[in-house]
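Okay, so here's the structure we're looking at.
Have a look at this one:
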């Protein structure tokens, strides 16, 4: 029988891994929402990225080329979303749902026509740090993950830095809070939003790739299974701050890892209720922790110069 | 503002043209797959409108879209985004089904309205929770409704394989997660031999009711005012928080009713395949699309729901007729949504241009104060 | 009022289309002897899901070959029909198109079938997986079919118990119902009959599609000490991939999963639906339209244990498995789940 220490270790390591795809997608969504664009098509972008990465890695045997393919596809999907929401002022929620359906269908269609069946790839390898990876507890917890996991966590300080310490961050926040004032100061709202939404697409696609060639090394139709929508929810959980989003992703993932253990240990709780736990807890935590944040003032509002 | 008939017809051309463009792109993919696009689209049209039964199926599909869409109209007017239609449908359906099973020998005329009421209460509670969380705890409704959807699915799975399982199935080894069938007397009347049921007519009636409520009653006015300008509304003495909750409660109630209609009008029992979509058919999401395509107007949502329902029903028929992967159909649906919503831009631009020409031609009309749309 | 107008116009448009569309295209009845047997099947997931739907698709392809190609047997399918009322519409449409046999390949479709079948007394229907033919309700044109998946589950369980060093075995399932529950219950029984001290940890992840959670469930099992795993439904491919990464042995079911991880897949319980489909077709050709229930079992060859040739299975384990299969076939082993 496993010891409690072992179980806690398992939960922590699982949680760290599970948070990976959420972090990629949610960091992209944070940037895009901070600039005033709600992208509900994250799930579709993730699926397209997951497929592109898998397919290229499968054909070429190179995970690097796979990642590049995900970036390319994410760029296209992001640009399309940016064009529709920034240029054509389309209602963002609805066009996002459109892009979700498009990505869901197209990734599946390509999967059926180009691959035909579920198969596996080598994918991105697990990290091995000399000494560190062999540490008894810490090694397993922190130093033996897939490289995609480290990428996800590296994004958090990066996005934080960009948002809070660079002129780009200032422009992004201005575009999301008061686009008219920013515009009058010479900031091109369109350019800023194009950049964030496109980058959001790239990051979502990488999130998909972190599943298909990172953690799972397979592709299956609809493999993200609602993950992209959770990522969007986590941006709200984190009040549009990278660190808050990180905490949300970790909380959700840790509880999810915990519920897996609840079942493995055979605790007398119906599986359905165990599966429910992360969703319930996410809401409960938000109720207990008093929320002061409000969304970026111009979120979902297309910018029209007056 | 006076707009000529011709201008209105031109207005309609934009979304239709956009959809056509999406279908042209789809045709290229179809051709690449070795399927005749003409044959495929003919099958789609025939499958959606071609026969009495096809038309009935389209309307059956459109019914939950319309009901959810009406709820979306109310919520959006109150400036809240309700992505929780799926969960609200499920909870409404669960409660209505539980009532029908617990009281199996009531007269239909009594039980059906009661089941509707119960379903609306269920949906209202499932929508009301995010409403209260938003109004009083500042929890964003996009987050809470997404989470509430997942919770509802697991609740349904638990109930249908546990407490509410069909007693026949409970004894079988395979234990199919479904409830017992409802009493035949509880079925919504149908237009035999099709599956078109009373729920469709009810949904249309409700569309008019919601329209009337939003634009002709004080409550409706205040919801719109809160959505239009919460600060001014607060200043004017409207309890903004209460109206935020009300918007989500009503939105949830209508979605809950959509769930009941699916059980009492279509399936006659509840069955789960483990996912929300298996039961709702995605109406909780697609209803949002229908409402937005209908310009967030209750009456505009009627044709939008019918057209979207037609697309969904016709697409399945297309899969059957020319054996294209269902994935293509999903992608095509997405493309249509993106294109149609984008076409708004061109429509509005044309409208503006027209207005400009008009104002140049005629002296300016007396100015009217701003009013909530 | 602009929108009211819009509405009226669209309704008019729709009605116009109906008028243009005209009646249903009538099918010219072909000469009886030249006409192939026509099957339509409605499936809940994709034909390449490496699980439930693929097993039926593969069976139809095989049946077509066995019967002499498309000239003798035509089949069409609707995949990903997870929306129950969409499936009902598809079933009704196929029936009205005059297919000889319409298969509703999903236990969630039964309710719809019960309603549709009486409207098409000339058409045969089949419903799986179940034993219900609705005969007692006076419906005589529905066949039923099921897989006694607990049998192969039991055999897999016996092998798993013998191969496990740690005595801990992990199972990943979707939701605790239907075919998944049967298989998993049988598997558990097989393990415990072989090694009463073994520990079988079961994880139902609440979804048929969440590949990522299935993978993490597998990792959890490994963390808890499992060195042999199994699982059922289409999302387990995620778990198989994890098993492969960690060198943990895997037992498959529903379809042959060896190709996904040849180094760790020990054996698969494979469904061969032709065992149920063939007698159905024969019955229909004789004029019997329904009322029979068919089971895939180890005895009738509907279920087979396919050993992965790339995996070096110790001879004594294989012997034990073969003996178990024999025991189940001759009735000396009774599996304490499933069955009537």
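Protein chains in written order, with my numbering: chain A, 21 to 326; chain B, 374 to 746; chain C, 29 to 368. Cβ coordinates follow ideal geometry from the N, Cα and C atoms, glycine included. For clarity, every value in this text was computed on a predicted model and none was experimentally measured.
Within 8 Å, do at least three Cβ pairs link the segment 282-296 of chain C to the segment 233-244 of chain C? Too few Cβ pairs lie closer than 8 Å, so no.
Mind listing, in chain order, the continuous beta strand (DSSP E) runs of no fewer than 3 residues lying wholly within the segment 226-260 of chain C? For the segment 226-260 of chain C, the full-length beta strand (DSSP E) segments reaching 3 residues or more read 227-232, 256-259 along the chain.
Measuring CB atoms only, is the segment 549-566 of chain B touching the segment 475-482 of chain B, in the sense that at least three cross pairs come out at less than 8 Å? Yes: at least three Cβ pairs fall under 8 Å.
Is DSSP giving residue 82(A) helix, strand or coil here? Three-state result, residue 82(A): coil.
Between which two residues does the alpha helix (DSSP H) harbouring residue 162(A) extend? Element bounds for residue 162(A): 157-162.
State the beta-bridge partners of residue 140(A) as determined by DSSP. Note: residue 140(A) sits in a beta bridge opposite 238(A).
Please decide whether residue 652(B) counts as near chain C, where near means a Cβ-Cβ distance under 8 Å. By this cut-off, residue 652(B) is an interface position.
What residue range does the alpha helix (DSSP H) around residue 178(C) cover? Taken as a continuous stretch (DSSP letters only), the alpha helix (DSSP H) holding residue 178(C) covers 177-191.
Using the three-state DSSP reduction, which class does residue 344(C) fall into: helix, strand or coil? Looking at residue 344(C) - three-state DSSP - the assignment turns out to be helix.
Whose Cβ in chain C lies nearer than 9 Å to the Cβ of residue 641(B)? By Cβ distance, chain C contributes 139, 143.
Note the first and the last residue of the continuous alpha helix (DSSP H) segment covering residue 276(A). Unbroken alpha helix (DSSP H) run through residue 276(A): 262-284.
Once the 5 residues before and after residue 56(C) are set aside, which same chain residues still bring their CB inside 8 Å of it? Because residue 56(C) carries a pLDDT of 44, less than 50, the predicted location of this residue cannot be relied on, and no value is offered for it.
Residues of the segment 280-305 of chain A with Cβ closer than 9 Å to any Cβ of chain C, in chain order: Answer set for the segment 280-305 of chain A: 280, 281, 283, 284, 285, 286, 290, 291, 292, 294, 295, 296.
The beta strand (DSSP E) that contains residue 294(C), what's its start and end? Residues 293-299.
Nearest candidate by alpha-carbon position, reference residue 540(B), set 552(B), 610(B), 441(B): Shortest Cα-Cα distance from residue 540(B) to any of 552(B), 610(B), 441(B) involves 552(B).
Who does residue 339(C) pair with in a DSSP beta bridge? Paired residues: none, contrary to the question.
Suppose you measure from the CA of residue 413(B) to the CA of residue 303(C); what does that come to, to the nearest Å? Distance from the CA atom of residue 413(B) to the CA atom of residue 303(C), rounded to whole angstroms, is 34 Å.
Go ahead and pull the three-state DSSP assignment for residue 117(A). If DSSP states are grouped into helix, strand and coil, residue 117(A) belongs with the helices.
Bounding residues of the alpha helix (DSSP H) (the contiguous stretch that carries residue 436(B)): Unbroken alpha helix (DSSP H) run through residue 436(B): 425-450.
Between the CA atoms of residue 499(B) and residue 535(B) - distance to the nearest angstrom: Answer to the nearest angstrom: the Cα atoms are 21 Å apart.
Residue 194(C) versus residue 254(C) - alpha carbon distance: Roughly 7 Å between the two C-alpha positions.
Go ahead and label residue 186(A) buried or exposed: buried means 16 or more other beta carbons lie within 10 angstroms of its beta carbon, across all protein chains shown. Residue 186(A) should be labelled exposed.
Could you tell me which chain C residues have their CB closer than 8 Å to the CB of residue 534(B), listed as they occur along the chain? Under a criterion of Cβ atoms nearer than 8 Å, the residues of chain C adjacent to residue 534(B) are, in order, 203, 204, 205.
With three or more C-beta pairs closer than 8 Å as the rule, is the segment 163-170 of chain C touching the segment 216-228 of chain C? When C-beta atoms of the segment 216-228 of chain C are compared with those of the segment 163-170 of chain C, fewer than three pairs fall below 8 Å, so the two segments do not count as touching.
Okay, do the segment 318-327 of chain C and the segment 293-303 of chain C touch, 3+ Cβ pairs below 8 Å being the bar? By the criterion of at least three beta-carbon pairs nearer than 8 Å, the segment 318-327 of chain C is in contact with the segment 293-303 of chain C.
Tell me, please, whether the CB atom of residue 365(C) is closer than 8 Å to any CB atom in chain A? Residue-level contact by beta carbon fails for residue 365(C) and chain A, as no gap is shorter than 8 Å.
Residue 49(C), DSSP secondary structure in three states: For residue 49(C), the predicted structure reports a pLDDT of 39, less than 50, and the residue's modelled location is therefore unreliable. The matter cannot be settled from this model.
What residues of chain A sit near residue 393(B), judged by a beta carbon separation below 8 Å? Those within 8 Å of residue 393(B) in chain A number zero; the least Cβ separation is about 16 Å.
Anticipated Cβ contact below 8 Å, residue 77(C) with residue 297(C), distance rounded: Distance from residue 77(C) to residue 297(C) at the Cβ level is roughly 16 Å; contact not present, criterion being Cβ atoms closer than 8 Å.
Using a threshold of 8 Å, state whether the C-beta atoms of residue 336(C) and residue 293(C) are closer than that. Contact: yes.
In chain A, which residues lie less than 9 Å from residue 706(B) when you measure between Cβ atoms? Those are 118, 121, 122, 125, listed as they occur along chain A.
Let's test the definition: count the other Cβ atoms within 10 Å of the Cβ of residue 49(A) and tell me whether it reaches 16, buried, or not, exposed. Per the 10 Å Cβ criterion, buried.
C-beta atoms of residue 432(B) and residue 660(B) nearer than 8 Å: No, the Cβ-Cβ distance between residue 432(B) and residue 660(B) is not below 8 Å.
Rounded to whole angstroms, what is the Cα-Cα separation between residue 81(C) and residue 101(C)? Cα atoms of residue 81(C) and residue 101(C): separation of roughly 19 Å, rounded to the nearest angstrom.
Report the residue from 112(C), 186(C), 245(C) whose alpha carbon sits nearest the alpha carbon of residue 344(C). With distances taken between Cα atoms, residue 344(C) lies closest to 186(C).
Taking the DSSP output, what are the residues bridged to residue 563(B)? In the DSSP assignment, residue 563(B) is bridged to 570(B).
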